[in-house]
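To convert, take the position in the sequence shown, counting from 1, and add 1410; that gives our numbering.
Ideal Cβ positions, reconstructed from N, Cα and C, are used throughout, including at glycine.
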Amino acid sequence: VLIYPELGGPEPGGKESGGSYVEHAAAPLLTLSDIEFYRQVRSGKAQSPDDPTFSPLRDSDFSGLPPTVVVTAQCDPLSSDGGAYRDRILAAGGHAWWYEEQRLVHSFLRARKTVPRAGEAFT
């Protein structure tokens, strides 16, 4: 189970120019600038954004993965990655499901006890 994961975006070199990366570039709680900051923190600038161990969507082989559930928030720059990851696993003959939770933002898991819509995502 992957909950609003950062999978490296679909484009080589870490350039995201479509889908949720554009539509929700300035979303509350996670912006494109935030994503770049966290990528630098995770990699220490030593890892290529095209390395599939760092950016799973950059891999060329999605066969043999375990059944995968991806949950994303609609108002999140990372949302498109969930559908892309699911599609690549399915194309490789695997089993995967993607749930895009409508009207929610990145990190909604933290609000599941205080925001009714966030709580509904876990029922």
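C-alpha distance - residue i paired with residue j, whole-angstrom precision
{"i": "Leu1514", "j": "Leu1439", "result": "11 Å"}
{"i": "Gln1457", "j": "Phe1464", "result": "7 Å"}
{"i": "Leu1564", "j": "Asp1461", "result": "Any property of residue 1564 remains undetermined from this structure, which presents the chain solely from 1411 to 1533."}
{"i": "Gly1474", "j": "His1505", "result": "10 Å"}
{"i": "Thr1533", "j": "Lys1523", "result": "12 Å"}
{"i": "Ile1413", "j": "Val1480", "result": "6 Å"}
{"i": "Gly1503", "j": "Ser1470", "result": "14 Å"}
Collapsed DSSP secondary structure at residue i in the structure displayed
{"i": "Tyr1414", "result": "coil"}
{"i": "Arg1522", "result": "coil"}
{"i": "Leu1514", "result": "strand"}
{"i": "Ala1506", "result": "strand"}
N-terminal and C-terminal residue of the alpha helix (DSSP H) that residue i is part of
{"i": "Gln1450", "result": "Leu1442 to Ser1453"}
{"i": "Arg1496", "result": "Ser1489 to Ala1501"}
{"i": "Ser1430", "result": "Ser1430 to Glu1433"}
Supposed close pair residue i, residue j - CB separation, criterion 8 Å
{"i": "Thr1482", "j": "Glu1446", "result": "Actually they are not in contact, since the Cβ atoms of Thr1482 and Glu1446 sit about 19 Å apart, beyond 8 Å."}
{"i": "Ser1490", "j": "Gly1429", "result": "3 Å"}
{"i": "Leu1442", "j": "Pro1487", "result": "6 Å"}
Residue i, enclosing beta strand (DSSP E) - first and last residue
{"i": "Gln1484", "result": "Thr1478 to Cys1485"}
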